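Visitor: Residue numbers (my numbering): 422 to 1049. Let me give you the structure first, and then I'll get to my questions.
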Amino acid sequence: MHINPEKIFSQFILNWLDYMGTKTIEWIANAIRADSFEPINDDFEGEELPHSSSVMDIFTAINHELSFIIDLQWSNAVQSAGFYQKFSKTIYTAIEQYCDVIGNGELKPIPNAGKWVDMIKVGSKKKKGPTDIASESCVKLCNIEFALSKLEELTKIMNVAAVTTVTKNYRATIAPALKEKAAKEKGKSPAAAANDDENSVSGGFKIQIMYAENIKPVTNTGLANGYVTIKVPEGTVVPVPDPLDITGANAGADENGATVGPSTPATPTTPSIVQQPTILKGANCEMARTRVISESINPHWDEEFTMILPPISRLDVSVMSKNLITFDPVCGKASLDFSSKSRLKKKLADHQTHDIFLELEPQGRVLMRLTLDGEEEDVQFWFRRAREKLGRTRNDFVRSLCARISPYCREVLVKAVKEEEATTVPQGYLGVFKQTQYTNVTAKGAAVDKSITSREADDILAPLTDYLNKNLDTLFSGLSSKMATEVIKKIWEDSLLAIEGCLIPQLYGPIEKERRVLNKRQVSVLNWALDILKQFFHADGAELGLPIKTLETRKYIHDAKLIDVYFRELKKLKSDYELSLIQGREKEYLLRLIRVRIEKEDGLTNIERDEGRKWFEVQLVNRKEKTK
422 MHINPEKIFS QFILNWLDYM GTKTIEWIAN AIRADSFEPI NDDFEGEELP HSSSVMDIFT
482 AINHELSFII DLQWSNAVQS AGFYQKFSKT IYTAIEQYCD VIGNGELKPI PNAGKWVDMI
542 KVGSKKKKGP TDIASESCVK LCNIEFALSK LEELTKIMNV AAVTTVTKNY RATIAPALKE
602 KAAKEKGKSP AAAANDDENS VSGGFKIQIM YAENIKPVTN TGLANGYVTI KVPEGTVVPV
662 PDPLDITGAN AGADENGATV GPSTPATPTT PSIVQQPTIL KGANCEMART RVISESINPH
722 WDEEFTMILP PISRLDVSVM SKNLITFDPV CGKASLDFSS KSRLKKKLAD HQTHDIFLEL
782 EPQGRVLMRL TLDGEEEDVQ FWFRRAREKL GRTRNDFVRS LCARISPYCR EVLVKAVKEE
842 EATTVPQGYL GVFKQTQYTN VTAKGAAVDK SITSREADDI LAPLTDYLNK NLDTLFSGLS
902 SKMATEVIKK IWEDSLLAIE GCLIPQLYGP IEKERRVLNK RQVSVLNWAL DILKQFFHAD
962 GAELGLPIKT LETRKYIHDA KLIDVYFREL KKLKSDYELS LIQGREKEYL LRLIRVRIEK
1022 EDGLTNIERD EGRKWFEVQL VNRKEKTK
């Protein structure tokens, strides 16, 4: 009698892989507990990235377990693909846990610190000085970059593309029988089952949450601390994987139990425990959540998520506002409709990426990029998710590093602009009943209609350039040159946003009460800042400097043009904006400039201001219609 040992032991291997999946949290905890987050003194070969011990320990453990699977030399390619799929999920879980744990205290509050800590932070009015970048933060970012490189090595060792091909070919072979079997179990005809499929989607789904506009303000400041959640409906049923599927007990056998391929036929085994469908409730319905963008009703997230959807007919999208003390209020809600009659279902059927503006209730909208792959879970899926998790964590660390520098940049610029504003005319006894009037000089006696000199500009920005020099040294000594360049590019982008923020308000939401149309001297401060910071980050073309082409981004060009047209007549600004719409290249910065000129410019009559507001509202409606 011929005995197939693989048939006997396959279930033991599957059970062992499941057990390994449950031990990942322990792996991560032990690795991080032993790590001081200082670069280890290994003999780096060539361009190997700097890193600390924890990330090396994790990938050493992963490679050790992978060697065991490879050494099995399993002859059944389908079952072997199932082993790799289970193990790739363990790899993803390990990476997810590692990213979350090293992010505590860096990217998010330490768990279980209690709301007292958050309340103290919220209530604190103490002014802080500029924050320097810590070397430990640089090491953690290096670890993420190192993990990405090791993940690519695993992709090659496991031959992910070939394993995925085996999985897809096998599933294509058994798919018709599984559909018929599922229909019979539900007591439905094949036609009725097909109708159910038409009214739902399932499988691989990629969603990129870009930004929102004009979400409902819910904070005391008239803004929001927005984040997005994506949820399946309450009570969604997740079907049990069929035993014939790639990680099932009968993988490699056809629907009758015969082995698919040249292997010896074998009778399918029956799992010792009959699995039941999972019904999703509460927090388990959440499929994705973005980070929080503070104090904005026009938040930008630009985050991507890949997920395997159970059969569903809709996804619920909510924009919430983070509240550290009470519950999180809703800023807007909407649903993605996947029923057979929906336009969205027809769009996604081509499996291409589509930009969708989702209108929120009660107000606002979210731009999302959706791709329905429709594929089932496989090795490539878990590697893609691991790559995305590392990529998001890397981007979050870059943003976190920049968030320590950017506030001081804004502080210096806002202070410089404030110091160059005109003083108010002293008011008499009845002055409280009159509109505030201004002189033509600053508090230091400088004429507001004259630009500042280059020497004055250097003196104004000296504290900022000194601070940047100190922290950029930390970046270049603690990060790889590639990652340091990425962080510096982000600091440059944030600097451009700070300059823009001094010039014009956001398109939606209330304009700050203290904001005024700037005078010539104030605009010249920002013009010098744009030029000096550009030359600073270029560093005369030295090795660590950014190329001029890299610095001259779209935002830089917009800031330069904004400064150039800042004092242009309102009528000409309106015609320039309307022309940009006709040409299909909307200049949003012009619309924002027009808005502040209409609301804050001295000398406009009430009639002119009202006409300007009506024009502005019409442009918002036209703009929204063009992007539908």
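Note that the Cβ used here is the ideal one computed from N, Cα and C, for glycine as well. Every value quoted in this text rests on a predicted model; they were computed, and no experiment measured them.
#1: Rounded to a whole number of angstroms, what is the C-alpha to C-alpha distance between I969 and F957?
#2: Once the 5 residues before and after V659 are set aside, which same chain residues still bring their CB inside 7 Å of it?
#3: So what does DSSP say about K652, is it helix, strand or coil?
#4: I'd like to know whether the C-beta of N451 is nearer than 9 Å to at least one C-beta of chain B.
#5: Using the rule of at least 16 other Cβ atoms within 10 Å of the residue's Cβ for burial, across every protein chain shown, is E1032 buried or exposed?
#6: Would you identify the three-state DSSP class for I429, choosing helix, strand or coil?
#7: Return yes when the Cβ of V862 is within less than 9 Å of the Cβ of P926, no when it is not.
#8: Along the chain, where does the beta strand (DSSP E) that runs through S788 open and close?
#9: Out of L470, A455, T874, E809, which has the shortest C-alpha to C-alpha gap to W949?
#10: Across the region 785-804 and the region 509-517, are there enough close Cβ pairs to call them in contact, namely three or more that are closer than 8 Å?
#11: Determine the closest residue to A568 out of T711, A807, W448, with distance taken between C-alpha atoms.
#12: Which residues mark the beginning and the end of the beta strand (DSSP E) in which P720 is found?
#13: From S457 to T576, what does the alpha carbon distance come to, in whole angstroms?
#14: If I follow the unbroken beta strand (DSSP E) through H775, where does it start and stop?
#15: In the DSSP assignment, find the unbroken alpha helix (DSSP H) run with I490 in it and report its ends.
#16: Can you tell me where the beta strand (DSSP E) holding M741 begins and where it ends?
#17: Work out the CA separation of E782 and V738 for me, nearest whole Å.
#18: Could you check whether the region 715-724 touches the region 920-936, counting it as contact only if at least three pairs of C-beta atoms, one from each stretch, sit closer than 8 Å?
#19: Would you tell me roughly how many angstroms separate the C-alpha atoms of E1029 and I1015, rounded to the nearest one?
#20: Let me check one thing: in DSSP terms, what residues is L730 bridge-paired to?
#21: Who are V658's beta bridge partners in DSSP?
#22: In whole angstroms, what separates the C-alpha of S761 from that of L793?
#23: Beta-carbon within less than 6 Å of K976's beta-carbon, same chain only, minus the 5 sequence neighbours each way: which residues are those?
#24: Look at the alpha carbon of E798 and the alpha carbon of L889, and state the distance between them as a whole number of angstroms.
#25: Once you ignore the five residues that flank S475 on each side, which residues in its own chain have a CB closer than 6 Å to its CB?
#26: Between the beta-carbon of I628 and the beta-carbon of R876, is there less than 9 Å?
#27: Between S821, G1005, Y859, R1034, which lies nearest to G526 when the distance is taken from Cα to Cα?
#28: Confirm, please, whether the CB-CB distance from G647 to I636 is below 9 Å.
#29: The alpha helix (DSSP H) spanning D758 covers which residue range?
#30: Beta-carbon separation of K766 and D758 under 9 Å?
#31: Using CA atoms only, rank isn't needed, just tell me which of D723, N892, V584, L972 is closest to N816.
#32: Once DSSP output is grouped into helix, strand and coil, what is the label at E999?
Guide: Judging by the given coordinates:
#1: Your numbering for residue 969 matches position 548 in the sequence shown. Your numbering for residue 957 matches position 536 in the sequence shown. Using only the alpha carbons, I get a separation of about 11 Å.
#2: As a first step, residue 659 is located in the sequence shown; it is residue number 238 there, counting from the start. Same-chain partners within the cutoff: P698, T699, L701, P731.
#3: Mapped onto the sequence shown, residue 652 falls at position 231. If DSSP states are grouped into helix, strand and coil, K652 belongs with the strands.
#4: Here chain B cannot be found, since the structure has a single protein chain.
#5: For the purposes of this step, residue 1032 is taken as residue 611 along the sequence shown, with counting starting at 1. That one is exposed.
#6: Here residue 429 is taken as the residue at index 8 of the sequence shown, counted from 1. If DSSP states are grouped into helix, strand and coil, I429 belongs with the helices.
#7: If you number the sequence shown from 1, residue 926 lands on position 505. If you number the sequence shown from 1, residue 862 lands on position 441. Pairing P926 with V862 gives a Cβ-Cβ distance that is not under 9 Å.
#8: Here residue 788 is taken as the residue at index 367 of the sequence shown, counted from 1. Residue identity differs from the one stated: residue 788 is Leu in this sequence, not Ser. Counting along the chain, the beta strand (DSSP E) containing L788 begins and ends at 786-793.
#9: Here residue 949 refers to the residue found at position 528 when the sequence shown is read from its first residue. Measuring from the Cα of W949, the nearest candidate turns out to be T874.
#10: yes
#11: Your numbering for residue 568 matches position 147 in the sequence shown. Ranking T711, A807, W448 by Cα distance to A568 puts A807 first.
#12: Here the question's residue 720 lines up with position 299 in the sequence shown. No beta strand (DSSP E) holds P720; DSSP gives it neither H nor E.
#13: If you number the sequence shown from 1, residue 457 lands on position 36. If you number the sequence shown from 1, residue 576 lands on position 155. Using only the alpha carbons, I get a separation of about 29 Å.
#14: Here residue 775 refers to the residue found at position 354 of the sequence shown. Start and end: 775-780.
#15: Taking the sequence shown and counting its residues from 1, one reaches residue 490 at position 69. Counting along the chain, the alpha helix (DSSP H) containing I490 begins and ends at 474-492.
#16: Taking the first residue of the sequence shown as position 1, residue 741 is located at position 320. Here the beta strand (DSSP E) through M741 covers 735-742.
#17: Sequence index remark: in the sequence shown, residue 738 carries index 317 (1-based). Sequence index remark: in the sequence shown, residue 782 carries index 361 (1-based). Distance between the alpha carbons of V738 and E782: 11 Å.
#18: Verdict: yes, contact present.
#19: In the sequence shown, counting from the first residue as 1, residue 1029 sits at position 608. In the sequence shown, counting from the first residue as 1, residue 1015 sits at position 594. Using only the alpha carbons, I get a separation of about 13 Å.
#20: Here residue 730 refers to the residue found at position 309 when the sequence shown is read from its first residue. Bridge partners of L730: G624.
#21: One-based indexing of the sequence shown puts residue 658 at position 237. Answer is I700.
#22: As a working note, residue 761 is residue 340 in the sequence shown. As a working note, residue 793 is residue 372 in the sequence shown. Taking the Cα positions, S761 is about 15 Å away from L793.
#23: As a working note, residue 976 is residue 555 in the sequence shown. Only L917 meet the Cβ criterion.
#24: Locating residue 798 in the sequence shown gives position 377, counting from the first residue. Locating residue 889 in the sequence shown gives position 468, counting from the first residue. So the two alpha carbons sit approximately 46 Å from each other.
#25: Locating residue 475 in the sequence shown gives position 54, counting from the first residue. Closer than 6 Å at the Cβ level, and outside the excluded window around S475, lie A452, I453, D456.
#26: For this step, residue 628 is matched to residue 207 along the sequence shown. For this step, residue 876 is matched to residue 455 along the sequence shown. In this structure, R876 does not lie closer than 9 Å to I628 by Cβ.
#27: Mapped onto the sequence shown, residue 526 falls at position 105. Here the closest residue by C-alpha is S821.
#28: Residue numbering aside, residue 636 sits at position 215 when the sequence shown is read from its first letter. Residue numbering aside, residue 647 sits at position 226 when the sequence shown is read from its first letter. Taking 9 Å as the Cβ cut-off, I636 and G647 qualify as a contacting pair.
#29: By one-based count along the sequence shown, residue 758 stands at place 337. It is not in any alpha helix (DSSP H) - D758 instead sits in the beta strand (DSSP E) that spans 751-758.
#30: Within the sequence shown, numbered from 1, the residue matching residue 766 stands at position 345. Within the sequence shown, numbered from 1, the residue matching residue 758 stands at position 337. Yes; because the gap between Cβ atoms is below 9 Å, this pair is in contact.
#31: To locate residue 816, count along the sequence shown from 1; it is residue 395. The shortest Cα separation from N816 among D723, N892, V584, L972 belongs to D723.
#32: The residue labelled residue 999 in the question sits at position 578 within the sequence shown. E999: helix per DSSP, three-state reduction.
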